[in-house]
Amino acid sequence: MNRLITLLTDFGLEDEYVGVMKGVILSRFPAARIIDLCHGVAPQDLRRAAYLLESSRPYFPAATLHVVVVDPGVGTGRRLVLMEAGGQLLLAPDNGVLTLPARSGFTAAFEVSCRELFLPNVSRTFHGRDIFAPVAAELAKGMAPAAVGRRLSREELVLLPLAEAEIDPSGTAITGEVVDIDRFGNLLTNIHLNAYQELAGGLPPATAIVLLRGRMINGLSPAYGAVPPGTLLAIFGSRNYLEIATNQGNAARELEIGRGERIVLRVKG
Amino acid sequence: MNRLITLLTDFGLEDEYVGVMKGVILSRFPAARIIDLCHGVAPQDLRRAAYLLESSRPYFPAATLHVVVVDPGVGTGRRLVLMEAGGQLLLAPDNGVLTLPARSGFTAAFEVSCRELFLPNVSRTFHGRDIFAPVAAELAKGMAPAAVGRRLSREELVLLPLAEAEIDPSGTAITGEVVDIDRFGNLLTNIHLNAYQELAGGLPPATAIVLLRGRMINGLSPAYGAVPPGTLLAIFGSRNYLEIATNQGNAARELEIGRGERIVLRVKG
Amino acid sequence: MNRLITLLTDFGLEDEYVGVMKGVILSRFPAARIIDLCHGVAPQDLRRAAYLLESSRPYFPAATLHVVVVDPGVGTGRRLVLMEAGGQLLLAPDNGVLTLPARSGFTAAFEVSCRELFLPNVSRTFHGRDIFAPVAAELAKGMAPAAVGRRLSREELVLLPLAEAEIDPSGTAITGEVVDIDRFGNLLTNIHLNAYQELAGGLPPATAIVLLRGRMINGLSPAYGAVPPGTLLAIFGSRNYLEIATNQGNAARELEIGRGERIVLRVKG
Numbered sequence: 227m228n229r230l231i232t233l234l235t236d237f238g239l240e241d242e243y244v245g246v247m248k249g250v251i252l253s254r255f256p257a258a259r260i261i262d263l264c265h266g267v268a269p270q271d272l273r274r275a276a277y278l279l280e281s282s283r284p285y286f287p288a289a290t291l292h293v294v295v296v297d298p299g300v301g302t303g304r305r306l307v308l309m310e311a312g313g314q315l316l317l318a319p320d321n322g323v324l325t326l327p328a329r330s331g332f333t334a335a336f337e338v339s340c341r342e343l344f345l346p347n348v349s350r351t352f353h354g355r356d357i358f359a360p361v362a363a364e365l366a367k368g369m370a371p372a373a374v375g376r377r378l379s380r381e382e383l384v385l386l387p388l389a390e391a392e393i394d395p396s397g398t399a400i401t402g403e404v405v406d407i408d409r410f411g412n413l414l415t416n417i418h419l420n421a422y423q424e425l426a427g428g429l430p431p432a433t434a435i436v437l438l439r440g441r442m443i444n445g446l447s448p449a450y451g452a453v454p455p456g457t458l459l460a461i462f463g464s465r466n467y468l469e470i471a472t473n474q475g476n477a478a479r480e481l482e483i484g485r486g487e488r489i490v491l492r493v494k495g
Numbered sequence: 227m228n229r230l231i232t233l234l235t236d237f238g239l240e241d242e243y244v245g246v247m248k249g250v251i252l253s254r255f256p257a258a259r260i261i262d263l264c265h266g267v268a269p270q271d272l273r274r275a276a277y278l279l280e281s282s283r284p285y286f287p288a289a290t291l292h293v294v295v296v297d298p299g300v301g302t303g304r305r306l307v308l309m310e311a312g313g314q315l316l317l318a319p320d321n322g323v324l325t326l327p328a329r330s331g332f333t334a335a336f337e338v339s340c341r342e343l344f345l346p347n348v349s350r351t352f353h354g355r356d357i358f359a360p361v362a363a364e365l366a367k368g369m370a371p372a373a374v375g376r377r378l379s380r381e382e383l384v385l386l387p388l389a390e391a392e393i394d395p396s397g398t399a400i401t402g403e404v405v406d407i408d409r410f411g412n413l414l415t416n417i418h419l420n421a422y423q424e425l426a427g428g429l430p431p432a433t434a435i436v437l438l439r440g441r442m443i444n445g446l447s448p449a450y451g452a453v454p455p456g457t458l459l460a461i462f463g464s465r466n467y468l469e470i471a472t473n474q475g476n477a478a479r480e481l482e483i484g485r486g487e488r489i490v491l492r493v494k495g
Numbered sequence: 227m228n229r230l231i232t233l234l235t236d237f238g239l240e241d242e243y244v245g246v247m248k249g250v251i252l253s254r255f256p257a258a259r260i261i262d263l264c265h266g267v268a269p270q271d272l273r274r275a276a277y278l279l280e281s282s283r284p285y286f287p288a289a290t291l292h293v294v295v296v297d298p299g300v301g302t303g304r305r306l307v308l309m310e311a312g313g314q315l316l317l318a319p320d321n322g323v324l325t326l327p328a329r330s331g332f333t334a335a336f337e338v339s340c341r342e343l344f345l346p347n348v349s350r351t352f353h354g355r356d357i358f359a360p361v362a363a364e365l366a367k368g369m370a371p372a373a374v375g376r377r378l379s380r381e382e383l384v385l386l387p388l389a390e391a392e393i394d395p396s397g398t399a400i401t402g403e404v405v406d407i408d409r410f411g412n413l414l415t416n417i418h419l420n421a422y423q424e425l426a427g428g429l430p431p432a433t434a435i436v437l438l439r440g441r442m443i444n445g446l447s448p449a450y451g452a453v454p455p456g457t458l459l460a461i462f463g464s465r466n467y468l469e470i471a472t473n474q475g476n477a478a479r480e481l482e483i484g485r486g487e488r489i490v491l492r493v494k495g
């Protein structure tokens, strides 16, 4: 067995932290295959890590092991958890970064307490290197998930209060918020395509209206390039969530909008 | 067959986009070998991607597959193209990023229309994941280039009007421009060593003069460190193009010069 | 033989330089395994490269080849050196980036002069690509270190004057300085845990006092999260050196402190 390992951290690439984690993994398992999922999560931004992981999982092979090191509680009593979900493994601090798979259904969860696998001297500040990396190496090599420690129930897991979009009582609109902003300045929301389709029935996308910060966008675009350069548009993006963008521009910068901004998708009427 | 795959995008590394592309490639071809060529191209900067690709190609193995995802037209009717050039494969949107190999000679080009290879649900905003990645996986595995779709003639390809340096009618100078600025603040131009050598004949590099923004640099340096720290210099750099740099400094910042700045290399007289 | 290769450079990831080095290595040795140790060293920052390399080496497999390209003297007469240390190989310019292994003991050092291995046209500005990469490929493949050139004595190596922490004559305090700042804004110092432990004997960490820029921190923390969010703390970090941090904050930004800042660890009295 040789599980693909992905790394998702808030380490950035300015320091040696990611490289050193790979060194430890390869010291324990020279044939390991390691992919950087993303290291651009802002320090301690659990929410963003949770969303990134969720939108990425489906695109990785079955049996992939995702290692998430966004860990403000490093060195305190916080647990480490190994979760089986969708045929993959998720190794993370038990601080809410696994809220979405915990909500949507997972196969099993275990507390990571296999100290004999950790590096001999566990530091108080870098468990990515001292605990996550060596445990990941053993799991990638084929160690059974249950071997990391006792089983955890769903109730024992720490969850984040991640905002969910809400359908208006009248059934004509969905209210959500901006949950992420990407490099292109696109505003990614928590309004899912499924919620829209349920409400819209057969209505054409051109009749939908998006409202945010006093602005109104008429209709949903079939592509960024379907409107003139510099024009604001709404589109169901690659994560299947509603996204606000400017064709060849940067919507976040132009609108001066950040995460948490309220957004309404009026589907009819 | 296992072609080396390189990725050249404007995705940056703040988001999960590059990681997810690798996930799709490895889902389809677990033995794939993937190298990040560069993800630091500014959003939609086709010109920079074109130059980076061109200066990098010679340093990669024969049969390498370069995947270029700088794609402002994603989701519109723009074509995807697979080009064979110099024994390598280039997979890119047909938007001009392949202008330089299209100009300098290529073996064949094909329109990518093999829908059966795409991901089942092709989004409107992320063809890097939904189209480029799965097609790249099949090509790396050994699929014949011609299997992606019909042959395209040179005339069908979209080209960018990339500036070329011009030799003065008097045959004493070359006029070009700054086409890129790198991390060190070096100003990279489109004045090629060959053009200089043709004009210079046997003249010593010390007699050349470089003019930009009212500044004059006397002679071409044999190395950054051949002048005192903080001194401006001109040198034929690693891409074989004329480069303006400050030894242990940042020429772009100091001169406040950006891309497009005119530059003259006076070779004699 | 297939030595793991790591790359430590000041190239950043905005340009194609790192990707191209990998292209050359893989052209010469298709089975090469390459890890990015770090490319975020500031341009020409030899000191930071020296510290990063030193704290990373122990976490990589025996026989790893670390390639360091922070090379302000590229194209001048500066030597390239191959060092054997701790069972690993270090390939670098002879400009002081190997000061720490040169001090702490190495097995052998050689001048890299095997021109027949270099790329046919060695540029004046990018030896990472033209010299380091092809030589690294051969070493990874199994070439004997001594084959790169003549043996160098310790006296021939260029060393940097890297500051060492000093124990107060009274034996009650250690004076050091901030030598690095990481992405989290943590201030990393040159005060080593061993020096502290020697002085402290059995004294509890709570009795230690840290002084910097008119501030006093009482006691050493067992974890970042052992103090309330936003609170300044002192901790022996993952490199085993004293570190100043703010729990869930950015100490460097809050204190406006940079490298070189004096720091005193009062152990008793």
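Chains as they are written, first to last, in the numbering used here: chain A, 227 to 495; chain B, 227 to 495; chain C, 227 to 495.
For glycine and all other residues, C-beta sits at the position ideal for the given N, C-alpha and C.
### Query
chain A partners of Ser349 (chain C), CB-CB under 8 Å?
As a working mapping, residue 349 (chain C) is identified with position 123 in the third sequence. Ordered by position in chain A, no residue passes the 8 Å Cβ test against Ser349 (chain C), which lies about 26 Å from the chain.
### Message
Just to confirm the assignment, what range does the alpha helix (DSSP H) spanning Ile251 (chain C) have?
### Response
The count along the third sequence starts at 1 and reaches residue 251 (chain C) at position 25. Counting along the chain, the alpha helix (DSSP H) containing Ile251 (chain C) begins and ends at Tyr243 to Arg254.
#### Entry: Complete alpha helix (DSSP H) runs within the region 253 to 323 of chain A (minimum length 4 residues, chain order)
272 to 282
### Query
Does the distance from the C-beta atom of Leu324 (chain B) to that of Leu383 (chain B) stay below 8 Å?
Within the second sequence, the letter at position 98 stands for residue 324 (chain B). Within the second sequence, the letter at position 157 stands for residue 383 (chain B). For Leu324 (chain B) and Leu383 (chain B), yes; Cβs fall inside 8 Å.
### Query
DSSP puts Tyr467 (chain C) in a beta bridge; with which residues?
Counted from its first residue, the third sequence places residue 467 (chain C) at position 241. Paired residues: C:His418.
### Query
Near Thr398 (chain B), what residues of its chain come up, given a Cβ to Cβ distance below 8 Å and the 5 sequence neighbours on each side ignored?
In the second sequence, residue 398 (chain B) corresponds to position 172, counting from 1. Cβ-Cβ distances below 8 Å link Thr398 (chain B) to Leu425, Arg492, Val493, Lys494 and Gly495 in the same chain, with the five nearest sequence neighbours on each side left out; the list follows chain order.
### Task
Could you tell me which residues DSSP pairs with Val436 (chain B) in its beta bridges?
Taking the second sequence and counting its residues from 1, one reaches residue 436 (chain B) at position 210. Bridge partners of Val436 (chain B): B:Ile443 and B:Leu491.
### Message
For a contact defined as C-beta to C-beta under 9 Å, what are the partners of Gly266 (chain A) on chain B?
### Response
For the purposes of this step, residue 266 (chain A) is identified with residue 40 of the first sequence, where counting begins at 1. Under the 9 Å cutoff, chain B gives Gly238, Leu239, Glu240, Asp241 and Glu242.
### Query
Three-state secondary structure (DSSP) at Phe358 (chain B)?
The residue given as residue 358 (chain B) occupies position 132 in the second sequence. DSSP places Phe358 (chain B) in helix when its eight states are reduced to three.
#### Entry: Cβ separation of Gly299 (chain C) and Gly451 (chain B), assumed to be a contact under 8 Å, to the nearest whole Å
As a working note, residue 299 (chain C) is residue 73 in the third sequence. As a working note, residue 451 (chain B) is residue 225 in the second sequence. Sure, about 5 Å apart at Cβ, within 8 Å.
### Query
CA-CA distance, Arg479 (chain C) and Asn466 (chain B)?
Within the third sequence, the letter at position 253 stands for residue 479 (chain C). Within the second sequence, the letter at position 240 stands for residue 466 (chain B). The straight-line gap from Cα to Cα measures roughly 41 Å.
#### Entry: Interface positions of the region 403 to 417 of chain B facing chain C (Cβ-Cβ less than 7 Å), listed along the chain
Asp408, Arg409 and Phe410
#### Entry: Partner residues on chain C for Pro269 (chain B), Cβ-Cβ distance less than 8 Å
Counted from its first residue, the second sequence places residue 269 (chain B) at position 43. Going along chain C, no residue has its Cβ under 8 Å from Pro269 (chain B), so there is no contact; the nearest lies around 13 Å.
### Query
Name the chain A residues that come within less than 8 Å of Ser330 (chain C), Cβ to Cβ?
To locate residue 330 (chain C), count along the third sequence from 1; it is residue 104. Within chain A, no residue comes near Ser330 (chain C); the closest Cβ sits about 18 Å away, beyond 8 Å.
### Message
Taking 7 Å as the limit between beta carbons, can you name the residues of its chain near Asp320 (chain C), skipping five residues before and five after?
### Response
One-based indexing of the third sequence puts residue 320 (chain C) at position 94. Closer than 7 Å at the Cβ level, and outside the excluded window around Asp320 (chain C), lie Arg304, Arg305, Leu306, Val307, Leu383 and Val384.
### Message
For Tyr422 (chain B), tell me which candidate among B:Pro346, B:Asp408, B:Pro256 and B:Thr401 has the shortest Cα-Cα distance.
### Response
Counting from 1 along the second sequence, the entry for residue 422 (chain B) is found at position 196. Considering only alpha carbons, the answer is B:Thr401.
#### Entry: Start and end residues, alpha helix (DSSP H) containing Leu503 (chain B)
The requested residue 503 (chain B) does not occur in the structure, where chain B is confined to residues 227 to 495.
### Message
Could you check whether Val296 (chain B) and Asp394 (chain B) sit closer than 8 Å to each other, using their CB atoms as the reference points?
### Response
For the purposes of this step, residue 394 (chain B) is identified with residue 168 of the second sequence, where counting begins at 1. For the purposes of this step, residue 296 (chain B) is identified with residue 70 of the second sequence, where counting begins at 1. No.
### Candidates A:Asp408, A:Pro448, A:Leu263 and A:Leu252, of which the one nearest Pro287 (chain C) by Cα
Reading the third sequence from its first residue, position 61 is the one you call residue 287 (chain C). Comparing Cα positions, the closest option is A:Leu252.
### Query
Can the beta-carbon of Leu378 (chain C) be found closer than 8 Å to that of Glu342 (chain C)?
Your numbering for residue 378 (chain C) matches position 152 in the third sequence. Your numbering for residue 342 (chain C) matches position 116 in the third sequence. No, Cβ-Cβ distance for Leu378 (chain C) and Glu342 (chain C) is not below 8 Å.
### Task
Compare the C-beta of Leu252 (chain B) against all C-beta atoms of chain A and say whether one is closer than 8 Å.
If you number the second sequence from 1, residue 252 (chain B) lands on position 26. The Cβ of Leu252 (chain B) sits closer than 8 Å to at least one Cβ of chain A.
#### Entry: Residues that Ala452 (chain C) contacts on chain A, provided the C-beta gap is smaller than 8 Å
The count along the third sequence starts at 1 and reaches residue 452 (chain C) at position 226. What Ala452 (chain C) touches in chain A: Gly301 and Thr302.
### Task
Take every Cβ of the region 430 to 437 of chain A, pair it with every Cβ of the region 246 to 260 of chain B, and state whether three or more of those distances are shorter than 8 Å.
no
### Task
Out of C:Asp241, C:Arg273 and C:Gly313, state which residue places its alpha-carbon closest to the alpha-carbon of Arg229 (chain C).
Stepping through the third sequence from its first residue, residue 229 (chain C) is reached at position 3. Closest by alpha carbon: C:Gly313.
### Query
Quick one: which chain B residues come within Cβ less than 7 Å of Arg355 (chain C)?
One-based indexing of the third sequence puts residue 355 (chain C) at position 129. Here the neighbours are Tyr285 and Ser464.
### Whole-Å CB distance - Gly249 (chain C) paired with Tyr285 (chain B), under 8 Å assumed
In the third sequence, counting from the first residue as 1, residue 249 (chain C) sits at position 23. In the second sequence, counting from the first residue as 1, residue 285 (chain B) sits at position 59. Gly249 (chain C) to Tyr285 (chain B), Cβ: 4 Å. Contact.
### Query
Any beta-carbon of chain C closer than 8 Å to the one on Ala449 (chain B)?
Numbered from its first residue, the second sequence carries residue 449 (chain B) at position 223. So, interface residue.
### Proximal residues to Glu392 (chain B) (C-beta, below 6 Å), its chain only, five neighbours per side dropped
Mapped onto the second sequence, residue 392 (chain B) falls at position 166. The residues are Thr401.
### Query
Would you report the Cα separation of Ala318 (chain A) and Leu233 (chain A), rounded to the nearest angstrom?
Indexing the first sequence from 1 puts residue 318 (chain A) at position 92. Indexing the first sequence from 1 puts residue 233 (chain A) at position 7. Taken atom to atom, the span from the alpha-carbon of Ala318 (chain A) to that of Leu233 (chain A) is near 10 Å.
### Task
Closer than 9 Å by beta-carbon distance: list the chain C residues that pair up with Ile461 (chain B), in chain order.
On the second sequence, position 235 is the one that residue 461 (chain B) refers to. Simply Gly301, Arg350 and Thr351.
#### Entry: Nearest-angstrom Cα separation, counted from Phe255 (chain C) out to Val374 (chain C)
By one-based count along the third sequence, residue 374 (chain C) stands at place 148. By one-based count along the third sequence, residue 255 (chain C) stands at place 29. About 17 Å.
### Task
Report yes or no: is there a C-beta of chain B within less than 8 Å of the C-beta of Gln314 (chain A)?
Indexing the first sequence from 1 puts residue 314 (chain A) at position 88. So no, Gln314 (chain A) is outside the interface.
### Message
Taking the alpha helix (DSSP H) that Leu239 (chain A) belongs to, which residues open and close that run?
### Response
Position 13 of the first sequence holds residue 239 (chain A). First-last for Leu239 (chain A): undefined, no H or E at that position.
### Message
Once DSSP output is grouped into helix, strand and coil, what is the label at Leu365 (chain C)?
### Response
The count along the third sequence starts at 1 and reaches residue 365 (chain C) at position 139. In this structure, Leu365 (chain C) counts as helix in the three-state DSSP scheme.
#### Entry: For Thr401 (chain C), the first and last residue of its enclosing beta strand (DSSP E)
By 1-based counting over the third sequence, the position of residue 401 (chain C) is 175. Note, Thr401 (chain C): beta strand (DSSP E), Ala399 to Ile407.
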